[in-house]
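Throughout the sequence shown, residue numbering follows this note's numbering, covering 5 to 212 in sequence.
Cβ atoms here follow ideal geometry from the backbone N, Cα and C, with glycine treated the same way.
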Amino acid sequence: MKRIALLGATGSIGRQALEVIEGHPGLELVAAASGSRPIDGLAPLTQVGGDLVELLERAEPDVVLNAVVGFAGLPATLWALEHGVDLALANKESLVAAGELALAAQRRGEGLLLPVDSEHSAAFQCLEGRAPETVDSLILTASGGPFRGRSRDELHDVTPEDALAHPTWNMGPKITVDSATLANKGLELIEAHFLFGLPYEQIEVAVH
5 MKRIALLGAT
15 GSIGRQALEV
25 IEGHPGLELV
35 AAASGSRPID
45 GLAPLTQVGG
55 DLVELLERAE
65 PDVVLNAVVG
75 FAGLPATLWA
85 LEHGVDLALA
95 NKESLVAAGE
105 LALAAQRRGE
115 GLLLPVDSEH
125 SAAFQCLEGR
135 APETVDSLIL
145 TASGGPFRGR
155 SRDELHDVTP
165 EDALAHPTWN
175 MGPKITVDSA
185 TLANKGLELI
195 EAHFLFGLPY
205 EQIEVAVH
């Protein structure tokens with residue numbers, strides 16, 4: 005039985021993870037955290053806001069799924085990697101802000117670092133067992149968001165509401181706006197650099 009700590013339980017990834025955990029007899033949800041929404045009764049240990057590291061220390065999980073949005077997810081990432089706890093990482097900001105620290109923590113703890121984001125998860129599965137120097141290039145895909153195909157002049161008058169109308173995904177407002185401006189793809193490029201040990205010039209983005 006794998007003991008799971010789910011951080012970011014009420015977000016899109018968190019909700020999908022709950023469905024997987026509930027349908028898998030080999031997984032046990034021992035702790036859940038939310039940024040602001042109540043989650044009473046979701047797991048033996050629940051928390052809204054507060055210190056995520058303290059929650060993890062109490063829960064003693066085998067796997068941490070970090071789906072927290074933003075820099076707030078970094079302490080939990082470092083804790084899991086330092087303690088050799090397998091980390092399913094959906095918090096790309098951890099690697100963007102502190103990739104070198106995170107990889108150093110992983111080397112010390114010797115736990116698994118598993119990317120959750122779709123592109124990185126697919127790349128991880130394709131590259132498993134391959135040394136970085138054997139890879140010529142890595143291509144990340146992008147939909148182009150709601151503004152794909154618009155001219156520079158047409159982009160002058162876009163509104164936040166326009167940005168939130170993502171044609172493919174139903175995400176939270178921050179990630180949706182970051183996707184619309186392609187800022188999110190820039191973060192994903194940095195994340196891929198640290199995850200796969202590839203230089204930036206070997207990582208490309210294809211809008212299709």
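Residue of L116, V139, I143 minimising C-alpha distance to L91: L116
K178, DSSP secondary structure in three states: helix
Coarse secondary structure for E192, derived from DSSP in three states: helix
H124 beta carbon less than 8 Å from that of E192: yes
Bounding residues of the alpha helix (DSSP H) (the contiguous stretch that carries P164): 164-167
Strand pairing of N70, partner residues [DSSP]: L11, L93
Inter-stretch contact (C-beta, 8 Å, three-pair minimum) for the stretch 156-172 and the stretch 84-102: no
Opening and closing residue of the beta strand (DSSP E) in which A76 lies: No beta strand (DSSP E) holds A76; DSSP gives it neither H nor E.
Endpoints, alpha helix (DSSP H) assigned at A21: 16-26
For E208, the residue or residues it bridges with in DSSP: I143
P65, buried or exposed, once every other Cβ within 10 Å from all chains shown has been counted against 16: buried
Whole-angstrom distance between L60 and R7, CA atom to CA atom: 11 Å
DSSP-derived helix/strand/coil call for A98: Sequence check: residue 98 is Ser here, not Ala. Residue state, collapsed to three classes: helix.
Distance, E104 Cα to K178 Cα: 25 Å
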